[in-house]
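Per full-length UniProt numbering: the sequence shown ends with 723, consecutive numbering throughout. Heads up, the thing below is written out as structure tokens.
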Amino acid sequence: MTTDSQYSWPRFFMELADKLLAFKDDRQALIATLQYVYAELGMDLPTLDSGGIPTDIDPFTVYGLFNRGLTDNKRRAVALGIGGALGVQAPLHDDFVGVPVLLNINATFYDQVRRDDGDIERLWDLFAVALAYADQPTEQAEAVFRHAYDAVLQQRHASWNVTMGLFWIRPYAYVNLSSRDRWFLALPDRMPSSVRSVLASIKKVPGSAEYLRIRDSILLVLKSGTYEYASFPELSAYAWRVSEQVNRENKDSDKEKEEVTQEAALGDADVQIVRYWLYAPGRGACMWDEFYSRGIMGLAWGEIGDLTAYAHKEDLKAQMLQTYPENGTQKNDIHALWQFANEMKPGDVVFVKKGRSEILGRGIVAGDYVFDPEGGHYPNCREVRWTSAGNWPIDERLAMKTLTEITDYPELLSRIETFFEDSDDDVESEEPLVIFPEYSARQFLNEVYMGEERYDAIVGLLRTKKNIIMQGAPGVGKTYAAKRLAYSMMGVKDASRVMLIQFHQSYSYEDFIEGYRPSGAGFELVKGAFYSFCKTAADDEENAYFFIIDEINRGNLSKIFGELFMLIESDKRGPKNKLQLLYSRELFYVPRNLHIIGMMNTADRSLAMLDYALRRRFAFVELCPAFDSDGFRDYCSGLGNLRFEALVREVESLNRAIAEDESLGEGFCIGHSYFCNMKPETCTDAALASIVDYELIPMLKEYWFDEPGKVREWTDRLRRSLR
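So this is what it looks like as structure tokens:
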């Protein structure tokens with residue numbers, strides 16, 4: 001197929017594939033070469049095998065060494081190092097625009113723990129026949145390619161990454177169908193409807209016949225000259241640029257609308273999730289039949305007009321109180337209207353209720369908020385694709401409100417969902433795809449003040465050990481970093497694959513795994529947070545899941561984990577290592593795709609040290625104050641505040657004194673996060689004084705409770721730095 005000279009990476013990638021082919025029957029020489037390259041670069045070879053140094057490797061994973069979550073400079077260094085060692089002559093001088101990358105958590109094309117004997121051999125076979133078919137596309141070569149492709153697709157760990165690997169080795173012959181490119185190709189103005197309809201119908205990785213049909217149909221469109229892109233590399237580059245622009249616009253929009261919130265601090269401000277709602281269609285559900293037939297849901301209160309006219313909830317409240325003064329505070333009604341117009345979104349799930357103990361139906365929100373002046377008593381509308389209708393009594397006192405979000409009530413949600421499990425409607429296949437914001441290692445490094453090699457080491461630990469504890473002094477950003485670490489390893493901000501809980505002295509096995517709870521009929525067995533999350537992860541073993549435990553050393557870990565203490569070990573994961581649970585007698589296992597991140601405050605003297613049984617099952621990562629990091633220095637420079645810089649210097653001096661104190665030590669140093677999330681306009685003298693007086697000084701009084709002289713000395717020094 002034709003090539004162009006717009007990018008240098010395709011020539012480099014194709015020549016590298018030709019050179020790699022020579023190692024098909026000599027993989028030990030290839031592994032030795034990779035070890036040499038990484039040693040020359042002063043870098044550690046990434047973990048590619050559960051045993052450390054790989055015993056075998058496939059060619060697509062070699063490409064994955066420099067096509068994963070790395071900075072462009074490091075990607076280029078690794079690629080040129082490998083290419084140079086193999087004799088590649090083609091240059092590589094552009095910035096990898098449009099080159100798809102693997103997630104750091106899934107940077108191999110084989111399952112590191114459960115690899116079958118023939119997995120890597122089949123990957124080499126596909127590699128060889130894909131090159132042959134791309135260079136000489138005969139019918140016989142196609143048949144051989146299809147057989148090899150379908151064989152690889154049956155392996156664990158084979159997913160959309162197979163199309164990515166084919167694109168790497170012959171970017172003008174094979175189309176990449178990773179998530180970004182599929183999203184782009186489905187946009188109305190990016191491909192003809194005939195191609196979009198085929199792509200929209202794909203729910204899983206296509207087999208060889210379907211993949212080649214999709215490739216050929218897209219290639220035909222590219223050759224027509226209808227669009228700005230005429231080759232697969234140009235298409236992928238265009239998809240990258242458009243998605244980056246959309247991400248920037250969404251991020252800018254979010255920043256305009258919100259200050260620093262708890263969600264922003266945890267990295268969730270731009271995360272889109274499916275939300276669940278209880279909805280009453282009029283008094284006594286009097287409008288249900290009409291709304292069901294029209295495919296809508298509606299709210300009353302039409303006299304206040306279009307709800308989008310109210311920029312703030314307070315504006316809506318004022319208008320409601322003025323228009324309906326006889327209805328009292330109307331707190332619930334105002335909240336329902338605001339959520340209906342501003343928070344509900346297409347893809348959310350709506351359950352219809354009648355009274356407080358009956359469910360009438362289920363639907364999926366299909367449209368944005370609309371004000372219909374001709375809508376009679378219910379002019380506030382949204383389109384809904386109703387999927388089920390009936391009558392289901394529920395042993396639960398439902399809220400009396402017109403609209404209630406129940407996303408954060410998993411037990412109630414689970415009870416309602418059971419009514420629809422046997423529905424004839426094929427709801428799942430038609431539910432809208434939630435596009436999660438992408439999140440890369442580069443974004444992590446920009447937001448968390450940590451070096452790239454340190455990040456790579458932590459990712460490697462979490463991938464192999466499965467369990468880590470991030471420990472450090474107050475304010476080093478443990479919670480801030482934990483979710484971002486999970487998102488960076490997933491590659492997207494998918495909050496449904498991350499659960500955050502906090503241990504405390506009263507937290508128990510019954511909260512964590514399962515236990516009996518009072519109910520209307522006596523006691524019932526209720527599943528805990530960890531049990532439920534493990535089940536969710538086990539049903540989606542192709543994706544990584546992260547269970548984050550804040551204040552992990554505050555709980556009685558032996559009692560909380562119970563018999564599962566052994567099963568969290570990396571080599572005890574999976575269905576072959578089941579144990580019987582205490583109450584239900586169910587045989588239970590911890591899935592391999594579940595990762596546990598614990599967080600521990602090293603300065604809390606009220607807590608006992610962790611026992612050795614726990615320490616053996618976790619790797620420990622020390623997070624330190626990052627005042628001297630490049631990222632924090634850039635942040636300081638951006639604020640341009642001399643008093644801020646003086647205060648930071650004084651805190652660094654204070655940390656040296658704390659570290660040298662025999663009764664304290666480095667684990668008690670003050671972290672940088674006390675000074676983060678400030679802007680030039682908010683970094684005022686009053687704000688800095690507030691940090692000193694109400695956060696730092698009380699902590700020093702706790703540290704040196706028996707040395708008031710030291711407290712006075714450092715109190716004076718901190719306050720003087722602001723003068």
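Just so it is clear, CB atoms sit at the ideal spot from N, CA and C, and this is done for glycine as well. Note that the coordinates shown come from a computational prediction; the quantities given were computed from them, not determined experimentally.
#1: Could you spell out where the beta strand (DSSP E) holding tyrosine 276 opens and where it closes?
#2: My assumption, with CB atoms under 8 Å, is that isoleucine 691 sits in contact with phenylalanine 668. Please give the rounded CB distance.
#3: Where are the alpha helix (DSSP H) runs, 4 residues long or more, that stay fully inside the segment 629–713, in chain order?
#4: Looking at isoleucine 458: is its Cβ nearer than 8 Å to the Cβ of valine 711?
#5: With a CB to CB cut of under 6 Å and the five nearest residues on each side skipped, what residues in its chain are close to phenylalanine 127?
#6: Return the bridge partner residues of proline 625 from the DSSP annotation.
#7: Does the pairing of the segment 411–418 with the segment 315–328 give three or more beta-carbon distances under 8 Å?
#8: Mapping the DSSP letters down to three states, classify glycine 363 as helix, strand or coil.
#9: Please work out which residues of its chain come closer than 7 Å, Cβ to Cβ, to tryptophan 9, disregarding the five sequence neighbours upstream and downstream, and give them in chain order.
#10: DSSP three-state label for glutamate 405, please.
#11: Counting pairs of beta carbons, one from the segment 193–211 and one from the segment 159–168, are three or more of them closer than 8 Å?
#12: For a test of the three-state rule: what should DSSP assign to glutamine 154, helix, strand or coil?
#13: Taking Cβ to Cβ, would you say phenylalanine 561 is nearer than 8 Å to histidine 595?
#14: Put tyrosine 63 into one of helix, strand or coil per three-state DSSP.
#15: Under 8 Å by Cβ, that's how I've got isoleucine 82 and leucine 65 pegged, so tell me the actual separation to the nearest angstrom.
#16: Would serine 558 and glutamate 514 be called neighbours here (beta carbons separated by less than 8 Å)?
#17: Pick out the complete alpha helix (DSSP H) segments inside the UniProt domain "ATPase dynein-related AAA" (467–618), 4 residues or longer, and give them in chain order.
#18: Considering Cα atoms alone, identify which of Gln155, Lys74 and Leu21 is closest to glutamate 541.
#19: Which value, in whole angstroms, describes the spacing of the CA atoms of glycine 84 and asparagine 543?
#20: With a cut-off of 8 Å on the beta carbons, I'd call isoleucine 568 and valine 498 a contact; round off their distance for me.
#21: Cα separation between leucine 299 and tyrosine 409?
#22: Do glycine 598 and phenylalanine 627 count as a contact pair if the criterion is CB distance below 8 Å?
#23: Quick one: measure Cβ to Cβ for tyrosine 292 and alanine 366, integer angstroms, because I've assumed they're closer than 8 Å.
#24: Just list the residues that DSSP pairs residue 727 with in beta bridges.
#25: By alpha-carbon positions, which one of Phe705, Val590, Ile120 and Phe371 ends up nearest to lysine 304?
#26: Can you give me the Cβ contacts of tyrosine 276 inside the same chain, cut-off strictly under 6 Å, excluding the 5 residues immediately before and after it?
#27: Beta-carbon within less than 7 Å of threonine 55's beta-carbon, same chain only, minus the 5 sequence neighbours each way: which residues are those?
#28: Do three or more CB pairs link the segment 639–656 to the segment 677–690 at distances below 8 Å?
#29: At what residues does the alpha helix (DSSP H) containing glutamate 411 begin and finish?
#30: Which class does methionine 43 belong to by DSSP, given the choice of helix, strand or coil?
#31: In chain order, what residues of the same chain have a beta carbon less than 6 Å from the beta carbon of asparagine 332, not counting five sequence neighbours either side?
#32: What is the residue span of the beta strand (DSSP E) that serine 179 lies within?
#33: Roughly how many whole angstroms lie between the Cα atoms of phenylalanine 13 and tyrosine 378?
#34: Keeping to the same chain, check which residues put their C-beta closer than 7 Å to that of valine 242; ignore five residues upstream and five downstream.
#35: DSSP three-state call for alanine 22: helix, strand or coil?
#36: With isoleucine 42 and alanine 441 assumed to form a contact (beta carbons below 8 Å), what rounded beta-carbon distance in angstroms separates them?
So, from the data block:
#1: Where tyrosine 276 is concerned, the enclosing beta strand (DSSP E) stretches over 276–279.
#2: The pair is not a contact, with the Cβ atoms about 18 Å apart (cut-off 8 Å).
#3: The alpha helix (DSSP H) runs lying completely inside the segment 629–713 and spanning 4 residues or more are 630–639, 642–660, 685–691 and 697–703, given in chain order.
#4: no
#5: In the same chain as phenylalanine 127, and ignoring 5 residues on each side of it, the C-beta atoms closer than 6 Å to its own belong to Pro59, in chain order.
#6: Proline 625 pairs with nothing; no bridge assigned.
#7: The segment 411–418 and the segment 315–328 do not touch, with fewer than 3 CB-CB distances between them shorter than 8 Å.
#8: Reduced to three states, the DSSP call for glycine 363 is strand.
#9: Leu92, Asp94, Phe96 and Val99
#10: strand
#11: Because the criterion of three Cβ pairs below 8 Å is met, the segment 193–211 and the segment 159–168 touch.
#12: Reduced to three states, the DSSP call for glutamine 154 is coil.
#13: no
#14: Correct three-state label for tyrosine 63: helix.
#15: About 7 Å separates the two Cβ atoms, so the contact holds.
#16: No, the pair does not count as a contact, with Cβ atoms beyond the cut-off.
#17: Those alpha helix (DSSP H) runs which fall completely within the UniProt domain "ATPase dynein-related AAA" (467–618) and span 4+ residues are 478–490, 509–512, 529–538, 557–561 and 612–617.
#18: Of the candidates Gln155, Lys74 and Leu21, the residue whose Cα lies closest to the Cα of glutamate 541 is Gln155.
#19: 34 Å
#20: About 17 Å separates the CB atoms of isoleucine 568 and valine 498; that is not less than 8 Å, and the two are not in contact.
#21: Rounded to the nearest angstrom, the two C-alpha atoms are 24 Å apart.
#22: no
#23: Actually they are not in contact, since the Cβ atoms of tyrosine 292 and alanine 366 sit about 14 Å apart, beyond 8 Å.
#24: This structure gives no information on residue 727, because the portion of the chain shown stretches from 1 to 723.
#25: In the sequence on display, residue 304 carries isoleucine and not lysine. Nearest C-alpha to isoleucine 304 among Phe705, Val590, Ile120 and Phe371: Phe371.
#26: Val349, Ile406, Thr407 and Leu413
#27: So the qualifying residues of the chain are Asp49.
#28: Contact holds between the segment 639–656 and the segment 677–690, because three or more Cβ pairs, one in each stretch, are under 8 Å apart.
#29: For glutamate 411, the enclosing alpha helix (DSSP H) begins and ends at 410–418.
#30: coil
#31: Closer than 6 Å at Cβ, skipping near neighbours: Lys401.
#32: Looking at the DSSP string, serine 179 is not in any beta strand (DSSP E); the run it does join, the alpha helix (DSSP H), is 179–185.
#33: Looking at the two C-alpha atoms, the distance is approximately 60 Å.
#34: Phe184
#35: coil
#36: Going by the sequence as given, residue 42 is glycine instead of isoleucine. At roughly 19 Å, the Cβ-Cβ gap does not stay under 8 Å, so glycine 42 and alanine 441 are not in contact.
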